[in-house]
Amino acid sequence: MSILNTYMQKEQQLKQLQEELDKLKNDDRLKAELEFKDKLEALMREFDKSAADVIKLLDPKPATAKAASTTSTSRAKRKLKIYKNPNTGEVVETRGGNQKTLKAWKDEYGAEAVEGWLVRTED
Numbered sequence: 000m001s002i003l004n005t006y007m008q009k010e011q012q013l014k015q016l017q018e019e020l021d022k023l024k025n026d027d028r029l030k031a032e033l034e035f036k037d038k039l040e041a042l043m044r045e046f047d048k049s050a051a052d053v054i055k056l057l058d059p060k061p062a063t064a065k066a067a068s069t070t071s072t073s074r075a076k077r078k079l080k081i082y083k084n085p086n087t088g089e090v091v092e093t094r095g096g097n098q099k100t101l102k103a104w105k106d107e108y109g110a111e112a113v114e115g116w117l118v119r120t121e122d
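Per numbering that gives the first Met the number 0, residue 0 is the first one in the sequence shown, and the count goes up by one each step.
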């Protein structure tokens with residue numbers, strides 16, 4: 000790829016990012032979160048508290064103990080995936096790809112089609 004093509008591609012990406020940033024600046028949810036952050040920081044300054052102090056106050060269990068206990072016992076639990084077959088209306092909930100009905104669907108309709116039937120994912 001030539002340097003000119005690279006430059007033009009980067010310029011286009013910059014424009015796209017600028018548009019996304021402008022949309023975010025006008026988002027009411029962002030404005031509310033920024034207002035909350037500002038008020039929280041003002042309150043922390045008023046009482047001379049750090050972010051670590053606030054976290055310790057809200058979550059008295061040490062973060063290191065939590066991390067150590069989850070990593071040493073087992074791996075993270077997989078997310079629950081819920082699929083709905085549009086042909087039969089049948090619903091399958093699975094935490095792994097080795098589920099009997101799901102495998103049968105993938106054999107019959109193809110893996111890509113079945114992945115398109117994903118309704119939602121839960122923790």
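The C-beta atom is built at its ideal place from N, Cα and C for all residues, glycine as well.
Reduced DSSP category for residue i - H, G, I as helix; E, B as strand; rest coil
i          : result
residue 89 : coil
residue 83 : strand
residue 58 : coil
Option nearest residue i by Cα separation, candidates the options
i           : options            : result
residue 76  : 87, 95, 59 and 90  : 95
residue 36  : 26, 50, 46 and 23  : 50
residue 116 : 2, 80, 61 and 15   : 80
residue 89  : 78, 120 and 104    : 104
residue 86  : 107, 15, 78 and 93 : 107
Enclosing alpha helix (DSSP H) for residue i [first to last residue]
i           : result
residue 30  : 27-45
residue 104 : 99-108
residue 22  : 2-24
Buried/exposed call for residue i, threshold 16 Cβ in 10 Å
i           : result
residue 113 : buried
residue 6   : exposed
residue 33  : exposed
residue 23  : exposed
residue 29  : exposed
residue 101 : buried
Segment limits, beta strand (DSSP E) that includes residue i
i           : result
residue 119 : 117-121
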